[in-house]
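For the sequence shown, the working numbering assigns the number 385 to the initial residue and increments by one for each residue that follows.
Here is the structure we will look at.
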Amino acid sequence: MVKPCLQVELAGVKLENPLMNASGILGLTSYSLARLAEAGLGALVTKSIGLKPRLGNPNPTVVEVPGGLVNSMGLPNPGLEAFKSELEESLPKIGKPLFVSVFGFSPEEYGEAVKRLDRLPVAGFELNVSCPHMGGVGEIGGSPEALREAVRGARASTGKPLLVKLSPNLTSFAEAARVAEEAGADGIVATNTVRSMVIDLEAERPLLAGVYGGLSGLPLKPVALRCVYEAYEAVKIPIVGCGGIFTWRDAAEYFMAGAVAIQVGTAIAYRGLEVFRDILSGLSAYLEAKGLDDLGGLVGAAHKR
Ligand code: SIN
């Protein structure tokens, strides 16, 4: 039997395989983007960029919890203009579709950021409306009106694919996915991290300097998987699964829940960049064992009850 084909199409962008990095761990410098590009991914996502430079929160910003991390980075980034220069230098060397993640403190800032980046030869954009510990950003994805305005503004600024990364902390993930679709999104990323915190027993206070953080890794997986499943039943646009994907088994569950592509973040910190090739070879063997030619046979399989 010929090897199964792992190519997928995401919002009109052809990916040689369904693996992407989750915005957050790497992806702010030419060096880290080049390292990701060599790791066998189908597409890359940058860390989230805002209009102005930000130092981020003071330390400690990341703490390990069983199976995962709680981060309170505070969206550190060099600002849009400096990042544009970095991308102009790195894009020719990347050779993979690249999505730029953008955030804003108001709905208008999304349209403005996308407009200023749109002339770069990037594949598309990911709107981060879901950071759970940065006042203002998560609230945009949490309000249907603000979400609609942010997506519409970005839509008016580009003809390129727009993915919208939503929060698992919403009362109705499906409803937010519908709002994003109606406002012009081409895909949903499910999900960002869960709002959380850790207490320092000795100091008798919150361990993270930012107090609240986002929980990622294995504890996030069942939550994010549920969001993918709900979104699959609510919208027609493609869904990218993200949350606690460490192995090909995790990946296969996300495809069955309805994802067409997946993003890996915290597992890079635990398993290194080899995690991407491990997941790919496991998926390929799994498809072969099931007699499937491609991933299409898995996507949404868990909905056929
Ligand atoms: C951060 O930089 O604080 C993390 C980004 C996010 O969770 O959206």
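Idealized CB from N, CA, C, for every residue including glycine.
Keep in mind that this is a model prediction, so the values were computed, not measured.
Inset, instruction - Please say whether Gly408 and Lys431 have beta carbons closer to each other than 8 angstroms? - result: Residue mapping note: residue 431 aligns to position 47 of the sequence shown, counting from 1. Residue mapping note: residue 408 aligns to position 24 of the sequence shown, counting from 1. In this structure, Gly408 lies closer than 8 angstroms to Lys431 by Cβ.
Legend entry - Residue closest to Lys688, alpha-carbon to alpha-carbon, out of Ser665, Val644, Tyr613: Within the sequence shown, residue 688 is the residue found at index 304, counting from 1. Ranking Ser665, Val644, Tyr613 by Cα distance to Lys688 puts Tyr613 first.
Inset, instruction - Taking the CB atoms as reference points, tell me whether Glu434 and Gly463 lie closer together than 8 angstroms. - result: The residue you call residue 434 lines up with position 50 of the sequence shown. The residue you call residue 463 lines up with position 79 of the sequence shown. Note on identity: in this sequence residue 434 is Gly, with Glu being the wrong assignment. Result yes, Cβ atoms of Gly434 and Gly463 sit closer than 8 angstroms.
Inset, instruction - Go ahead and label Gln391 buried or exposed: buried means 16 or more other beta carbons lie within 10 angstroms of its beta carbon, across all protein chains shown. - result: Taking the sequence shown and counting its residues from 1, one reaches residue 391 at position 7. When all chains shown are included, Gln391 counts as exposed.
Legend entry - Leu501 to Ser514 span [Cα, whole Å]: As a working mapping, residue 501 is identified with position 117 in the sequence shown. As a working mapping, residue 514 is identified with position 130 in the sequence shown. Put simply, the backbone Cα of Leu501 is about 21 angstroms away from that of Ser514.
Legend entry - Gly681 and Pro622 closer than 8 angstroms at C-beta: Within the sequence shown, the letter at position 297 stands for residue 681. Within the sequence shown, the letter at position 238 stands for residue 622. The beta carbons of Gly681 and Pro622 sit no closer together than 8 angstroms.
Legend entry - CA-to-CA distance, Ala669 to Glu566, given in whole angstroms: Your numbering for residue 566 matches position 182 in the sequence shown. Your numbering for residue 669 matches position 285 in the sequence shown. Between Glu566 and Ala669, the C-alpha separation is close to 38 angstroms.
Inset, instruction - State the beta-bridge partners of Phe557 as determined by DSSP. - result: In the sequence shown, the residue the question calls residue 557 occupies position 173. According to DSSP, which records beta bridges pairwise, Phe557 is partnered with nothing at all.
Inset, instruction - Taking 8 angstroms as the cut-off, decide whether the C-beta atoms of Gly440 and Gly424 are in contact. - result: In the sequence shown, counting from the first residue as 1, residue 440 sits at position 56. In the sequence shown, counting from the first residue as 1, residue 424 sits at position 40. Not in contact: Gly440 and Gly424 (Cβ atoms no closer than 8 angstroms).
Inset, instruction - Might you give, ordered along the chain, the residues of its own chain that have their beta carbon closer than 7 angstroms to the beta carbon of Lys362, omitting 5 neighbours on each side? - result: Lying before the first or after the last residue shown, residue 362 is absent from the chain, which here runs from 385 to 689.
Legend entry - Close-in-space but distant-in-sequence residues of the same chain around Leu475 (CB under 8 angstroms, 5 per side omitted): As a position in the sequence shown, residue 475 is number 91, starting the count at 1. These residues qualify, in order along the chain: Leu482, Leu504, Pro505, Val506.
Legend entry - Opening and closing residue of the alpha helix (DSSP H) in which Leu390 lies: Residue mapping note: residue 390 aligns to position 6 of the sequence shown, counting from 1. No alpha helix (DSSP H) contains Leu390, which DSSP labels as neither H nor E.
Inset, instruction - Give the straight-line distance between the Cα atoms of Val619 and Gly495, rounded to the nearest whole angstrom. - result: Within the sequence shown, residue 619 is the residue found at index 235, counting from 1. Within the sequence shown, residue 495 is the residue found at index 111, counting from 1. Their Cα atoms are separated by approximately 23 angstroms.
Legend entry - Closest Cα partner of Val454 within the set Asp677, Cys611, Pro603: Numbered from 1 along the sequence shown, position 70 holds the residue referred to as residue 454. For Val454, the closest C-alpha among the options Asp677, Cys611, Pro603 is that of Pro603.
Legend entry - Nearest residue (CA-CA) to Leu609, options Thr577, Leu667, Lys499: Walking along the sequence shown from the start, residue 609 turns up at place 225. For the options Thr577, Leu667, Lys499, the alpha carbon positioned closest to that of Leu609 is the one of Thr577.
Inset, instruction - Tell me Pro590's beta-bridge partners as DSSP assigns them. - result: Walking along the sequence shown from the start, residue 590 turns up at place 206. The beta-bridge partner set that DSSP reports for Pro590 consists of Ile583.
Inset, instruction - Whole angstroms is fine: what's the gap from Ser490's alpha carbon to Val548's? - result: For the purposes of this step, residue 490 is taken as residue 106 along the sequence shown, with counting starting at 1. For the purposes of this step, residue 548 is taken as residue 164 along the sequence shown, with counting starting at 1. As the crow flies, the alpha-carbon of Ser490 is around 15 angstroms from that of Val548.
Inset, instruction - Spatial neighbours of Gly479 within its chain, please: CB distance less than 7 angstroms, with the 5 preceding and 5 following residues excluded, ordered by chain position. - result: Numbered from 1 along the sequence shown, position 95 holds the residue referred to as residue 479. Hits under 7 angstroms: Ala421.
Inset, instruction - Verify the contact flag: Leu459, CB atom, against every heavy atom of the ligand SIN, threshold strictly below 7 angstroms. - result: Reading the sequence shown from its first residue, position 75 is the one you call residue 459. The nearest non-hydrogen atom of the ligand SIN is less than 7 angstroms from the C-beta of Leu459.
Inset, instruction - Return yes when at least one heavy atom of the ligand SIN lies under 7 angstroms from the C-beta of Ser556, else no. - result: Here residue 556 refers to the residue found at position 172 when the sequence shown is read from its first residue. No, Cβ of Ser556 sits at least 7 angstroms from all heavy atoms of the ligand SIN.
Inset, instruction - Let me know the secondary structure DSSP gives Leu403 once reduced to three states. - result: In the sequence shown, residue 403 corresponds to position 19, counting from 1. Note: Leu403 maps to strand in three-state DSSP.
Inset, instruction - Look up Ile663 in the DSSP assignment and say whether it is helix, strand or coil. - result: Position 279 of the sequence shown holds residue 663. In the three-state DSSP reduction, Ile663 falls in the helix class (H, G or I).
Legend entry - Own chain partners of Ser541 with C-beta closer than 7 angstroms, once the 5 adjacent residues on each side are dropped: Start at 1 with the first residue of the sequence shown, and residue 541 comes out as number 157. If we look at Ser541 and ignore the five residues flanking it on each side, its Cβ neighbours are Gly495, Val498, Lys499, Asp502.
Inset, instruction - Along the beta strand (DSSP E) that carries Ile629, what are the first and last residues, could you check? - result: The residue you call residue 629 lines up with position 245 of the sequence shown. That residue, Ile629, is in no beta strand (DSSP E); it is neither H nor E in DSSP.
Legend entry - Opening and closing residue of the alpha helix (DSSP H) in which Lys549 lies: For the purposes of this step, residue 549 is identified with residue 165 of the sequence shown, where counting begins at 1. From DSSP, Lys549 is part of no alpha helix (DSSP H) but of the beta strand (DSSP E) over 546-550.
Legend entry - Check: Gly411 C-beta below 7 angstroms from any heavy atom of the ligand SIN: Numbered from its first residue, the sequence shown carries residue 411 at position 27. Short note on Gly411: C-beta not closer than 7 angstroms to any heavy atom of the ligand SIN.
Legend entry - Cutoff 8 angstroms; reference Leu554; Cβ partners in own chain excluding five residues on either side: The residue given as residue 554 occupies position 170 in the sequence shown. Here the set comprises Gly525, Gly526, Ala560.
Legend entry - Separation of Phe467 from Asn443, as counted between CA atoms: Sequence index remark: in the sequence shown, residue 443 carries index 59 (1-based). Sequence index remark: in the sequence shown, residue 467 carries index 83 (1-based). Distance between Asn443 and Phe467, taken at the CA atoms: about 23 angstroms.
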